[in-house]
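Take a look at the structure below.
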Amino acid sequence: MKENNGPILELRGVSKYYGSTSALHDINLQVENGEFLTLLGPSGCGKTTILRIFSGFETPTKGEVLLNGKVINDIVPEKRKLNTVFQNYALFPHMSVHDNVAFGLRMQKRPADEIKTRVQEALRMVHLENYAQRMPGQLSGGQQQRVAIARAVVNNPMVLLLDEPFSALDFKLRKQMQFEIKHLQRQLGITFIFVTHDQEEAFAMSDRVVVMNEGYIEQIGSPQEIYEEPENLFVARFVGEINILEGVILEVQENNAYLADVGGVTFPLRTRRNFAVDEKVLVLLRPEDLKIYHPHDEDLEGPHLYGRINESVYKGATVDLTITLDNGQRIQAAEFFNEDDADINYNIGERVAVSWVAGWEVVLDNAGE
Ligand code: ADP
Ligand code: MG
C-alpha cells in the first residue's frame, strides 16, 4: 500500500437526494487512517447513506468521494478495497460457514489453498475456527454476526464499514461484540467506520464520533469532547441526560469569564464562546455536574439555587435525584457515593441547595448554538 499521511477516506461537499428527499447536505468528512470512527445519530439522519457512498453502492448527487487522496466517484464497489458488514447479516442460508466466508475469494478465482488459509485465518479472528462446517441456521445470532464479519475481513479491506451490526443482538451479547470488534480493529490495524444510533455503543468503541442529524454533521470529536463540550443543544441532548438553565449575562470579565443571572442568583460562568452583557444564554449541566447540599450544610458556599427533592432513586454507584427548583423547573442530579460525602440520602419533599462544579457548565446562546 502506498504511503499516505492524509485521510484514507474523505467526503468533500457531498449532498445526496433520493428523488426530492434530501438525505445529506454538503457533508465534509475526513476519516484518518487506522481510526475507529462512528457515525452516530437518530434513525433517518443519513448514516447508512454515507456508508453506501463510501462503499460505492450509492453515488453522491453533488460532491466528491476520495480514497487515499484520489477521487473515486466513478470507481465500482468491487475495486474500492472497502468491505461492509450489514445490519442484517445477509448470510447464504444454504452454504456452510466456510463457504459463506470463502464466497468472495472464489468469485475472484483465488487458488484453493490460498482460500483455505485465508478463510481459516478469518474464522480464527472471530473465534469460529471450530464452526467452519456448520450451516448459518445452526448458529446463534452472535455467531452469525461473526461470520458476517469474517466474510468482510477475509478480503483484506483497507476500511471496514459496519452498519448497525449489533442491532439484532440482546444487551449482553451486544456488549461482548462491542469488545470483540474493538479488539479486532486493534489487531487488524485498519480503519473501521461504524454506524449506530446508540450513544453508549458509540462512546465505548470509538476514537472519534460524528454526531449527525437530518443530513447534517452536528459535531465531530472524541467521545469526551462530544459529551463534555457539546457544540449545540441537539448534541448535548442526544448523548445523555442534561439540565438546561436559562441565564442572562450580567458582566463580561477577562479570559472568557462571565457573571450571569441564573434563576435570580449570580453565578460565575466560563466558556469558549463570546457573549455580551444582557445576552440570554443557556447553561447546560450534566446530572453528575450538580452538587446537592442540605441547606444547613457547612460546606455550602458560593452561589446556589434552592429546590425540593421530588424523587430519589438508589442506583448503586449513585443516587439519582429529581429536584424541583423554586422557579418550578425540574432538574436531574446524580450524586456519587464517596467516603467523605456519606450523607446523600434525601427525603422526598426535603429542601436542598443546588450548585455545580464551577467551570463544568457548557454555555450556549439562546438558540442553543
Ligand atoms: P440512517 O441510516 O441514519 O437511518 P439513511 O441514510 O438510511 O438514514 O436515510 C436518510 C434519509 O434518506 C431518510 O430520510 C431515508 O428515508 C431516505 N432514504 C434512504 N434510502 C432511500 C432510498 N433508497 N430511496 C428514498 N429515500 C431513501
Ligand atoms: Mg441506517
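Using numbering that gives the first Met the number 0, read the sequence shown as starting at 0 and increasing by one per residue. Even for Gly, the Cβ is constructed at its ideal location relative to N, Cα and C. If you're wondering where the values come from, they're calculated on a predicted model, not measured in any experiment.
Asked	Found
Does the segment 129-146 come close enough to the segment 91-105 that 3 or more CB-CB pairs lie under 8 Å?	yes
Taking all protein chains shown into account, do 16 or more other C-beta atoms lie within 10 angstroms of the C-beta of residue 382, making it buried, or fewer, making it exposed?	Residue 382 cannot be examined here, being either before or after the span of the chain that is shown, 0 to 368.
Quick one: any contact between the segment 235-242 and the segment 69-78, if contact means 3 or more CB pairs under 8 Å?	no
Using the C-alpha atoms, what's the distance from residue 157 back to residue 0?	Confidence in residue 0 is poor, its pLDDT being 48 and thus under 50, which makes the residue's placement unreliable; the coordinate value appears in the next sentence. About 9 Å.
Which of the three DSSP states is assigned to residue 298 in this structure?	coil
Do residue 290 and residue 356 have their C-beta atoms within less than 8 Å of each other?	yes
Once DSSP output is grouped into helix, strand and coil, what is the label at residue 328?	coil
Can you say whether residue 117 is buried or exposed, counting buried as having 16 or more other CB atoms within 10 angstroms of its CB?	buried
Whole-angstrom Cβ separation of residue 39 and residue 201, contact assumed at under 8 Å?	4 Å
Do residue 368 and residue 212 have their C-beta atoms closer together than 8 Å?	no
For the beta strand (DSSP E) containing residue 249, name the first residue and the last one.	242-251
With a threshold of 7 Å (Cβ to nearest heavy atom), would residue 195 be considered close to the ligand FMN?	Questions concerning the ligand FMN fall outside what the structure shown contains, since the ligands it does hold are the ligand ADP and the ligand MG.
Classify residue 110: buried if its beta carbon has 16 or more other beta carbons within 10 angstroms, exposed otherwise.	exposed
State buried or exposed for residue 325, treating a residue as buried only when at least 16 other CB atoms are found within 10 Å of its CB.	exposed
Is it true that the CB of residue 225 sits closer than 8 Å to the CB of residue 28?	no
Please report the residue range of the alpha helix (DSSP H) in which residue 157 lies.	Note, residue 157: premise wrong, no alpha helix (DSSP H); not H, not E.
Please confirm whether residue 190 and residue 34 have their CB atoms less than 8 Å apart.	yes
Around the Cβ of residue 268, are there at least 16 other Cβ atoms within 10 angstroms (buried) or fewer (exposed)?	buried
At which residues does the beta strand (DSSP E) containing residue 29 begin and terminate?	20-30
Straight-line CA distance for residue 345 to residue 48?	49 Å
Distance cutoff 8 Å, beta carbons only. Does residue 29 sit that close to anything in chain D?	In summary, chain D is missing from the structure at hand, where a single protein chain is found.
Could you name the residues that DSSP lists as bridge partners for residue 322?	308 and 330
Quick one: give me the first and last residue of the alpha helix (DSSP H) that residue 269 is part of.	No alpha helix (DSSP H) contains residue 269, which is instead part of the beta strand (DSSP E) from 264-269.
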